[in-house]
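First the structure, in the form of structure tokens, and then the observations on it.
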Amino acid sequence: MEHGKSNRPDWHAAARTLLGYLNFSSGKSDPQSYAALNSVFAALAEEDRGSDEDLPLWKRATRHLRAEWESLRNDESGTFGDISQAMAVLDLVEQEVLPSYLDFHSDLLFHQVEDRLFSPFFLARTMELVLRQGGPWDETRRIVNGTLAQLNDYVGYRPLAVLEKQKTEPYPHERVGVVPVYLQDVGVAEGPYRELVTRALKLLQETDPDLLEEACFSLDSLRELAVDPRAFDFDHPVNRRPNYQFGEWDPDRVDLRGRYDRFVVREVTLRAMMERVDSQQGLPREELLFDAAAVLAGTILMGAGTSGWGPGAYGSEVTLGQIVQRIARYRDQFYEQLLARVKGARAERLRTEAERLQQPFGGARQHLNAQLGRLRAAQREHTHVARLYARMGFFAAAREEAVRVPAPSARILCQLDAGSPPLIRLSTRERSTTRPPTCRSSGTCLNGASLAARSSIPGTSSDLTPAFHSFPAPRTASTTNGQTNLCHSFTACWGCILAFGARRRLDTTRSCAKRWPISFARRSIGGGSTRHTKSMQSMRSIRWKRTARPST
24 MEHGKSNRPD
34 WHAAARTLLG
44 YLNFSSGKSD
54 PQSYAALNSV
64 FAALAEEDRG
74 SDEDLPLWKR
84 ATRHLRAEWE
94 SLRNDESGTF
104 GDISQAMAVL
114 DLVEQEVLPS
124 YLDFHSDLLF
134 HQVEDRLFSP
144 FFLARTMELV
154 LRQGGPWDET
164 RRIVNGTLAQ
174 LNDYVGYRPL
184 AVLEKQKTEP
194 YPHERVGVVP
204 VYLQDVGVAE
214 GPYRELVTRA
224 LKLLQETDPD
234 LLEEACFSLD
244 SLRELAVDPR
254 AFDFDHPVNR
264 RPNYQFGEWD
274 PDRVDLRGRY
284 DRFVVREVTL
294 RAMMERVDSQ
304 QGLPREELLF
314 DAAAVLAGTI
324 LMGAGTSGWG
334 PGAYGSEVTL
344 GQIVQRIARY
354 RDQFYEQLLA
364 RVKGARAERL
374 RTEAERLQQP
384 FGGARQHLNA
394 QLGRLRAAQR
404 EHTHVARLYA
414 RMGFFAAARE
424 EAVRVPAPSA
434 RILCQLDAGS
444 PPLIRLSTRE
454 RSTTRPPTCR
464 SSGTCLNGAS
474 LAARSSIPGT
484 SSDLTPAFHS
494 FPAPRTASTT
504 NGQTNLCHSF
514 TACWGCILAF
524 GARRRLDTTR
534 SCAKRWPISF
544 ARRSIGGGST
554 RHTKSMQSMR
564 SIRWKRTARP
574 ST
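Numbering of the sequence shown is given in the numbering used here, commencing with residue 24 and proceeding in unit increments.
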């Protein structure tokens with residue numbers, strides 16, 4: 024979709040188109056409404072280039088739609104005489120659905136900002152799903168729950184344990200709503216990646232069809248290109264799959280021909296590419312954008328080859344080693360063909376760079392790999408330092424390091440280490456005069472530990488048993504250590520309650536404790552069942568008293 028300079032008549036037409044859809048539609052997907060909202064975002068982005076307003080772009084878009092509605096209330100034609108449905112949908116999206124979405128994913132999307140999450144296509148899809156819930160529009164909870172259930176439709180590649188007579192499914196908080204950046208019937212969305220995605224798709228359109236077929240990629244099948252907003256956890260077992268950080272076909276989106284139709288790229292890859300473009304590095308922005316688009320197209324082809332064009336692409340006899348060899352072959356062929364098509368001074372620069380770095384487009388490709396390596400090292404560094412500070416007793420410093428970890432599983436474990444231990448290390452006088460410094464309420468701590476156990480810790484399932492048995496043994500040791508820390512953190516929270524005599528918190532704690540999977544202590548996890556059982560038995564043996572402060 025081309026974005027030229029916007030003007031007031033186009034802005035009014037786009038706003039009226041969208042308001043008409045919201046007022047009269049029942050939720051059927053309409054490309055014109057997506058295009059209209061995209062035009063609104065483009066006009067606002069152009070106006071904001073010289074503005075210092077810090078209100079998120081999606082809130083400014085809804086504000087402008089309300090202003091447009093005010094001008095339509097006195098429309099003599101009477102077309103928009105009753106616009107109550109459109110205003111009800113706008114109110115629900117702005118005040119209920121999107122805030123509930125952020126609250127629902129407060130751990131998973133802890134690192135994100137609203138301007139990156141709520142793109143024009145994401146906002147249009149949210150409005151579409153609200154309309155599908157139907158009236159009456161004052162049933163807020165029903166509409167919000169139904170919208171979130173349909174909006175969170177992506178989990179990606181997640182191998183789960185298959186237990187006898189037990190069906191396993193990803194937890195609801197693992198599913199997320201991807202951020203669409205391209206729709207087949209609309210074009211490319213306005214946002215920070217618009218130029219990059221537009222150029223990459225153009226390069227793929229000019230690529231040899233035989234090479235695209237070998238890479239299991241087809242623009243005709245690509246109905247949607249989206250960005251995974253979750254933080255990339257470099258230590259998660261599934262992320263050790265080759266080329267996984269470059270994206271994949273969504274395994275849950277299959278068209279009537281049996282082919283995948285939505286490709287999801289990782290935001291960590293796009294941000295690494297744009298970092299090189301924004302840094303300039305002695306080259307014009309146009310040149311850096313071309314290099315980044317070429318590498319993005321190449322990584323999309325690598326990710327598509329790993330996933331296959333559909334569920335029937337690879338049989339059980341195909342090994343991962345065979346796939347990787349084929350991917351490396353057509354990847355090199357793609358870059359060589361692209362380099363051969365480039366003319367003029369750009370071609371001379373790229374050939375000189377290829378000779379110096381021993382690979383086509385070596386500058387952009389090596390920058391991407393180096394950036395991913397730095398991010399992985401930073402994640403492990405902050406995680407290790409946070410847990411080390413917690414063991415040394417510097418809990419404030421540990422919490423500062425923990426919030427720098429974008430991956431939810433590692434961050435929650437760090438926060439548990441930094442939050443629970445000081446609660447049982449206070450002296451008798453401190454217990455009587457000091458409020459727990461890191462635990463706002465015992466119920467919050469227990470719920471946080473339960474959340475970490477249920478959802479985000481890699482390598483665990485609902486009963487805290489290892490879920491990825493096919494991965495190397497070191498991961499099992501890490502999983503066991505994580506489970507041990509959870510058990511000890513839970514015990515520390517109970518100790519905090521006894522130490523401070525938090526009588527008003529007892530009912531909350533009891534109800535939370537009933538939900539804790541105490542039965543896992545009887546299971547043997549890496550030879551540590553005895554230790555876990557003793558910890559859990561000590562919690563069971565607690566006798567609640569009405570005294571303000573138990574004697575020590």
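Just so it is clear, CB atoms sit at the ideal spot from N, CA and C, and this is done for glycine as well.
- When rounded, the separation of the alpha-carbon atoms in W160 and R403 is 47 Å.
- Per DSSP, V204 is not a residue of any alpha helix (DSSP H); the beta strand (DSSP E) it occupies stretches across V202 to L206.
- Under the DSSP definition of a beta bridge, F286 partners with L248 and W272.
- Rounded to whole angstroms, the Cβ separation of L398 and F357 is 25 Å, and the two are not in contact under 8 Å.
- Rounded to whole angstroms, H390 and N266 show a C-alpha spacing of 16 Å.
- Around the beta carbon of G270, 16 or more other beta carbons sit within 10 angstroms, so the residue counts as buried.
- E423 and D53 have their C-alpha atoms roughly 45 Å apart.
- Counted as a single uninterrupted DSSP element, the stretch harbouring I106 is not any alpha helix (DSSP H), since DSSP gives it neither H nor E.
- Between G200 and F145 the beta-carbon gap is near 7 Å, inside 8 Å, which marks them as a contact.
- T406 is classed as buried because its beta carbon has at least 16 other beta carbons within 10 Å across all chains shown.
- For the alpha helix (DSSP H) assignment, the uninterrupted runs of no fewer than 4 residues enclosed by the region 375 to 445 are, from N- to C-terminal side, 385 to 415, 418 to 425 and 431 to 442.
- Here Q156 is near I166, since their CB atoms are less than 8 Å apart.
- Boundaries of the alpha helix (DSSP H) harbouring H35: R31 to F47, taken from the DSSP string.
- Around the Cβ of E137, a 10 Å sphere holds fewer than 16 other Cβ atoms; the residue is exposed.
- In this structure the region 273 to 292 touches the region 248 to 255; the number of beta carbon pairs closer than 8 Å is three or more.
- In terms of Cβ geometry, L219 and L242 do not form a close pair [threshold 8 Å].
- Proximity of the region 309 to 328 to the region 341 to 350 meets the contact definition, three or more beta-carbon pairs being nearer than 8 Å.
- Across the structure, L152 and G335 are spaced so that their CA atoms are roughly 31 Å apart.
- Per DSSP, the beta-bridge partners of Q189 are L186.
- For G157, DSSP records no beta bridge to any residue.
- Setting aside the 5 residues that flank it on each side, F64 is surrounded in the same chain by L80, A84, P143 and E213, each with a C-beta closer than 7 Å to its C-beta; the list follows chain order.
- The DSSP-derived three-state label of V277 is strand.
- Just measuring C-alpha positions, the residue of D314, A401, T170 and Y412 sitting nearest R372 is D314.
- DSSP places G331 outside both helix and strand once states are collapsed to three, so it counts as coil.
- Around the beta carbon of H35, a 10 Å sphere encloses fewer than 16 other beta carbons of the protein chains shown; the residue is thus reported as exposed.
- Taking A317 as reference, the option from R410, A363, A425 and G50 with the minimal CA-CA separation is A363.
- With respect to the C-alpha of R388, the residue from T342, D208, R369 and V300 having the closest C-alpha is V300.
- When secondary structure is reduced to three states using DSSP, V116 falls in the helix class.
- R39 and A184 have their alpha carbons spaced roughly 50 Å apart.
- Between the beta-carbon of L131 and that of R253 there is about 6 Å, and that keeps the pair under the 8 Å contact cut.
- Contiguous alpha helix (DSSP H) elements confined to the region 289 to 371 occur at 290 to 302, 308 to 330 and 343 to 364, taking only those with 4 or more residues.
- The Cβ atoms of D231 and Q382 do not sit closer than 8 Å to each other.
- For the pair L140 and V204, the CB atoms are not nearer than the 8 Å cut-off.
- In the DSSP assignment, E70 falls within the alpha helix (DSSP H) that extends over P54 to E70.
- Shortest Cα-Cα distance from D273 to any of W332, R217 and Y216 involves W332.
- In terms of CA proximity to T149, P122 leads the group Q189, P122 and M415.
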